[in-house]
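Below you'll find the structure, written out as C-alpha cells, and then a few comments.
Protein chains: 2
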Amino acid sequence: MAEKIALTLSNRIRKSPYYKSTKRYGASAFSIYNHMLMPVAYEGPVADYWNLVNNVTIWDVAGERQVEISGSDSYRFVEFITPRDLSELKVGQGKYAIITDENGGIINDPIILRLEEKRFWLSIADSDVLLWTKGLARGLGWDVNIHEPDVSPLAIQGPNNLPLMNDLFGSWVNDIKYFFFKETELNGIPLIVQRSGWSKQGGFELYLMDGARGDELWDLIMQAGMKYGIKPASPNNIERIESGLFSWGNDMNIESNPLELPFEKFCQLDKNADYISRDALKKIALEGVKNKVVGLIIDGDSFVGGCENPWKIYSNNSICGKLTSAAYSPRLKLNIAFATVDVNVSSLGEKLTVETPWGLREATVSRIPFI
Amino acid sequence: MAEKIALTLSNRIRKSPYYKSTKRYGASAFSIYNHMLMPVAYEGPVADYWNLVNNVTIWDVAGERQVEISGSDSYRFVEFITPRDLSELKVGQGKYAIITDENGGIINDPIILRLEEKRFWLSIADSDVLLWTKGLARGLGWDVNIHEPDVSPLAIQGPNNLPLMNDLFGSWVNDIKYFFFKETELNGIPLIVQRSGWSKQGGFELYLMDGARGDELWDLIMQAGMKYGIKPASPNNIERIESGLFSWGNDMNIESNPLELPFEKFCQLDKNADYISRDALKKIALEGVKNKVVGLIIDGDSFVGGCENPWKIYSNNSICGKLTSAAYSPRLKLNIAFATVDVNVSSLGEKLTVETPWGLREATVSRIPFI
Chain F
27 MAEKIALTLS NRIRKSPYYK STKRYGASAF SIYNHMLMPV AYEGPVADYW NLVNNVTIWD
87 VAGERQVEIS GSDSYRFVEF ITPRDLSELK VGQGKYAIIT DENGGIINDP IILRLEEKRF
147 WLSIADSDVL LWTKGLARGL GWDVNIHEPD VSPLAIQGPN NLPLMNDLFG SWVNDIKYFF
207 FKETELNGIP LIVQRSGWSK QGGFELYLMD GARGDELWDL IMQAGMKYGI KPASPNNIER
267 IESGLFSWGN DMNIESNPLE LPFEKFCQLD KNADYISRDA LKKIALEGVK NKVVGLIIDG
327 DSFVGGCENP WKIYSNNSIC GKLTSAAYSP RLKLNIAFAT VDVNVSSLGE KLTVETPWGL
387 REATVSRIPF I
Chain A
27 MAEKIALTLS NRIRKSPYYK STKRYGASAF SIYNHMLMPV AYEGPVADYW NLVNNVTIWD
87 VAGERQVEIS GSDSYRFVEF ITPRDLSELK VGQGKYAIIT DENGGIINDP IILRLEEKRF
147 WLSIADSDVL LWTKGLARGL GWDVNIHEPD VSPLAIQGPN NLPLMNDLFG SWVNDIKYFF
207 FKETELNGIP LIVQRSGWSK QGGFELYLMD GARGDELWDL IMQAGMKYGI KPASPNNIER
267 IESGLFSWGN DMNIESNPLE LPFEKFCQLD KNADYISRDA LKKIALEGVK NKVVGLIIDG
327 DSFVGGCENP WKIYSNNSIC GKLTSAAYSP RLKLNIAFAT VDVNVSSLGE KLTVETPWGL
387 REATVSRIPF I
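Now the structure itself:
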C-alpha cells in the first residue's frame, strides 16, 4: 500500500506558487488537485502526522483553487447551488457548504467566503466547480461573473499556530473566529487570513493573492516559524480521518447526496432561498436514504498506508458497501476508516466484514469523529 | 527535464480498467487525466516513439472519459456547445469539435460521436466537461440527460494496425472511414470500434463498455499482437507535436479561443444552428485575434524531455508569448514546439528567442504539422 507512482510533468499539470519551496523543503510525494501538484508527504505520513498534531506545520494547499462569483445575482446564485442557508453569512465570514446538482449529487464541498455583499469565493475540493458554475450561470442567464482568480492558499496548522501567527501578523488574529477572515498583507504581499484549515489541530489559511510571491511568503513563514520548530506538512490522511473530515472524490462524489453524510447542520432543506436540489433532497429525505457514510474501526494488524481503491464490505456474506478511506491511528492505536454502507447496516456497533488487501477483517460501525 | 515526481495514490485518483495490465507490461510513468491514472511511458519516450512510428502499439487511454448526452434536446445541445457545424454528423460517425463557453474560451476539444439520432458521446480531453454540460443544461432547462457511462477507450496505433485489427475483428474494419465507428464485441466483450486515435500513425480506438473486462481485452489484443511485435505505448509527446496535435491544458485552455489555433475547418461561425459562442467569436473574427498558436523550430542542442512550465518567448527583447509544448524530433532531427505568440510575430519565418531551461535559443515560426 501507499504505493508511489512516477508522475511525468507537463504544462497541463499546474505548479503551485509554492512548488519550488516544497521541493526545496523535501516534499517526497505529491497528489494532483484541481490540475495542480499538491505535496502530500515530507518525512512520511506518520512523521508528518506527529509534526502536525504536536506542533505547527506549513502546508501548500494552493490546489484548493478559488472560484470567484460576483455580479448583481451573485448572492442569489450561491444560495441556489447549496442546501445550506447562507442568509446569515456576513461579509468577512466563510461557511462550509455542500454544492449539489439538481439530483442532490455532490459537486463539491467548498468553504464559501463572502468578500463583499455581492462577491464570493468558493475554496474548492478537487472538481472543476468553475466549469459547473459557469455552465449553470450561463444557462440560467443570471447576472454573475465567474472566474478563477490568482489566489493560492497556504495553511498554518497545528496546536502551536497562534504564537507564530502573532509574530507574523500581530495579536489581532487571536480575535478571528472560525472561518472568519480579514484582508491584510505581509511585507507587502497581499493576503486574506482566515481561521481555517483541513485539520482539527487549529490554524489559519493564508490566501496569497499574488502567485509571483509564493516562495517569498513561504520563506517569511519558515523564518518566523524556526523558533517554534515549524515543519513542512500537508493535508494528512491519518489526522483527517481521526477528525472526521471527509474528502470529496474519496468519501463522496456526484453519486452521493448530502443526506447520506453527517451533514445535517449544512442542510436546511426548508431554507427561504431557492436552491437547485430542493425537490430532490426533500424527496430523498421523505423516502429515506439508501446509504450512509459511517466510521469503521477495523480489527487486526495496523494498516500500512491508506485505501487506494474502494474495499468491499460484507454483512452476512453479502456486499453491503465500500470502504473509501482508511488509516492506522497512532494516537488511538486503531485502524479507522470511512465507508459508505447500506442504511440497514449503518447503526453504531454494527459488525461488518471488510475485504482489505491483507484479507478479510472484522469491523465495527463507530462514531465520527474518532478522536 | 522530464522530471518524475512520486505520486501518492488514493481513491480520488481513479484507476483505469487496464491499470493492472499497464503495470504488468512495465508502465514506467503516468499522468493524471480526468482524475484517472494514464500511463505515458514504458521503455521511455523515445523508445516508445519508435515503437509507435515503426510498428503497432496498444495504449490505455481510458482517461479519455465519455460524456453521454441524450434526450429530445440532445442534438440541439451538442450544436449549442460548439462552433462546428454538426448538421451532417451521421449516426455512426464522430467529429472533432471545439467546445467553447460564451466568451469563445475553449472548455475542451473532444471527438463527438453520434450513437443514435438523439444520443451522443463526447470523448474528452482533461477537463470536467461533465460538470460544465450538466450545469449548462440544467440552467437552460433543456430536455437532456447527461452522465458519464462505463466506457474506457483503448487505442491501437501505428502503421501496422490493420493486420492486427483484421485478425481481431475481420476485414470489415478496413472499410471504416476516419472517425466512423461500429458497435461490436470481442469474445463477448462489448465494444465500439472507431477509426481514431491521438497520433497520425493510423489506428483505432476500442471503446470498452464494461469496465470489469479491461484486463481481458488487453490480453486478447496482446496475444493477437505478438506476431506483429506489438508494444505497449501511450499518447506520445514527440509524435503528437510532429503531427500537429494540440493538447488541451497545454496548448489551449479556457483563456484561448479557437480562432487563435489552426482550427478553421472546425469553426463554421455562420452555421445555422444556434451556439453559445457565436457573438463572441464573430466579434473576435471581426476585430482580429491578438494571439496565434504557431509551430517553432528551435536552434541548438537536442531537447531532453518536454516543456513542464511555459517558456517565455521574446521578440526584440520584449516578451511576445509563451512556448507550451516542446520535443526533439528524432525523425526531423530538430527541436520542435508549439507556442502562443502575439499575432504580429506569428508569420511563417519570423525569428524569435525562446528562454529554455538551458538558456536563450533562436527560434523560427514554422508550419504545422512539422512532418
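If you read the protein sequences in the order shown, they are chains F and A. Per our numbering, the very first residue in the first sequence carries number 27; after that it's consecutive. Per our numbering, the very first residue in the second sequence carries number 27; after that it's consecutive. Idealized CB from N, CA, C, for every residue including glycine.
If we call anything under 7 Å between Cβ atoms a contact, is residue i one with residue j?
i: F/ASN129; j: F/ALA151; result: no
i: A/TYR68; j: A/ALA88; result: no
i: A/LEU148; j: A/ILE138; result: yes
i: A/SER260; j: A/TRP76; result: no
i: A/ASP176; j: A/GLY237; result: yes
i: F/VAL82; j: F/LEU156; result: no
i: F/ARG393; j: F/ASP325; result: no
i: A/LYS308; j: A/LEU295; result: yes
i: F/LEU33; j: A/PHE56; result: yes
i: F/ASN186; j: F/TYR254; result: yes
i: F/ASP111; j: A/SER153; result: no
i: F/PRO395; j: F/GLY223; result: no
i: F/GLY120; j: A/LEU166; result: no
i: A/TRP158; j: F/GLY97; result: no
i: A/LEU246; j: A/LEU234; result: no
Alpha carbon to alpha carbon, what distance is there between residue j and residue i?
i: F/THR350; j: F/PHE364; result: 6 Å
i: A/ILE172; j: A/THR390; result: 45 Å
i: F/GLU90; j: A/SER100; result: 33 Å
i: A/ILE58; j: A/ASP74; result: 19 Å
i: A/ASN342; j: A/PRO258; result: 45 Å
i: F/ILE339; j: F/SER372; result: 12 Å
i: A/LEU188; j: F/ARG38; result: 32 Å
i: F/GLY347; j: F/ASP127; result: 23 Å
i: F/THR382; j: A/SER328; result: 48 Å
i: A/LEU378; j: A/GLU313; result: 25 Å
i: A/ARG356; j: A/GLU265; result: Looking at the sequence itself, residue 356 of chain A is Pro, so the reference to Arg does not match. Cα-Cα distance, rounded: 10 Å.
i: F/MET27; j: A/GLY275; result: Confidence in F/MET27 is poor, its pLDDT being 43 and thus under 50, which makes the residue's placement too unreliable to answer from.
i: F/ILE256; j: F/ARG50; result: 15 Å
i: F/ILE215; j: F/LYS30; result: 35 Å
Output needed for residue i: all residues of its chain with C-beta closer than 7 Å, excluding positions within five of it in sequence on either side, in chain order.
i: F/LYS203; result: ARG221
i: A/LEU360; result: ILE323
i: A/SER36; result: none
i: A/ALA250; result: LEU190, ASP193 and LEU194
i: F/ALA163; result: PHE103, VAL170 and ILE172
i: A/ASN142; result: It is worth fixing the name first, because residue 142 of chain A is Glu in this sequence and not Asn. Within the same chain, A/GLU142 has close Cβ partners VAL117.
i: A/TRP337; result: LYS348, LEU349, VAL380, GLU381 and THR382
i: F/ASP277; result: VAL319, THR350, SER351 and PHE364
Ordered along the chain, which non-local residues of its own chain (more than five positions away) have a Cβ less than 6 Å from that of residue i?
i: F/LYS46; result: ASP241
i: A/ILE267; result: SER351, ALA353 and ILE362
i: F/GLY332; result: ASN263, ALA352 and ALA353
i: A/LEU374; result: VAL391
i: F/VAL199; result: MET191
i: A/PRO284; result: ILE124 and CYS293
i: F/ILE397; result: GLU268
i: F/ARG40; result: HIS61 and MET62
i: A/GLU290; result: none
Excluding five sequence neighbours on each side, which residues of the same chain lie with their C-beta closer than 8 Å to the C-beta of residue i?
i: F/THR210; result: PHE195, LEU217, ILE218 and VAL219
i: F/SER42; result: THR48, MET62, LEU63, MET64, ASP86, ALA88, GLY89, SER178 and GLY240
i: F/TYR44; result: ASP86, ALA88, SER178, LEU180, GLY240, ASP241, LEU243 and TRP244
i: A/LEU358; result: GLU268, PHE396 and ILE397
Taking 6 Å as the cut-off, is the CB of residue i close to at least one heavy atom of the ligand NAP?
i: A/THR126; result: Ligands displayed in this structure: none; no statement on the ligand NAP is therefore possible.
Any 3 or more C-beta pairs closer than 8 Å across the stretch 351–369 of chain A and the stretch 314–324 of chain A
Here the stretch 351–369 of chain A lies against the stretch 314–324 of chain A, with 3 or more beta-carbon pairs under 8 Å apart.
If you scan the stretch 274–329 of chain F from start to end, which runs of the alpha helix (DSSP H) of 4 or more residues do you find wholly inside it?
304–313
Taking three-plus beta-carbon pairs below 8 Å as touching, is the stretch 289–309 of chain A in contact with the stretch 102–122 of chain A?
The stretch 289–309 of chain A, when compared against the stretch 102–122 of chain A, does touch it at the 8 Å Cβ threshold.
The stretch 221–236 of chain A contacting the stretch 178–188 of chain A, beta-carbon criterion three pairs below 8 Å:
yes
Scan the stretch 65–90 of chain A and note each continuous alpha helix (DSSP H) run of 4 residues or more that stays entirely inside, going in chain order.
You should have 71–80.
Quick one: which unbroken beta strand (DSSP E) runs of 3-plus residues sit fully inside the stretch 356–382 of chain A? Chain order, please.
360–368 and 377–382
Any alpha helix (DSSP H) of 4 or more consecutive residues that is wholly inside the stretch 114–142 of chain A
none
What are the complete alpha helix (DSSP H) segments, minimum 4 residues, inside the stretch 181–209 of chain A?
187–195, all fully within the stretch 181–209 of chain A.
Could you pull out every unbroken beta strand (DSSP E) segment of at least 3 residues lying fully inside the stretch 244–276 of chain F, listed in chain order?
257–259
At 4 residues or longer, and completely inside the stretch 32–60 of chain F: list those alpha helix (DSSP H) runs for me, N to C.
45–50
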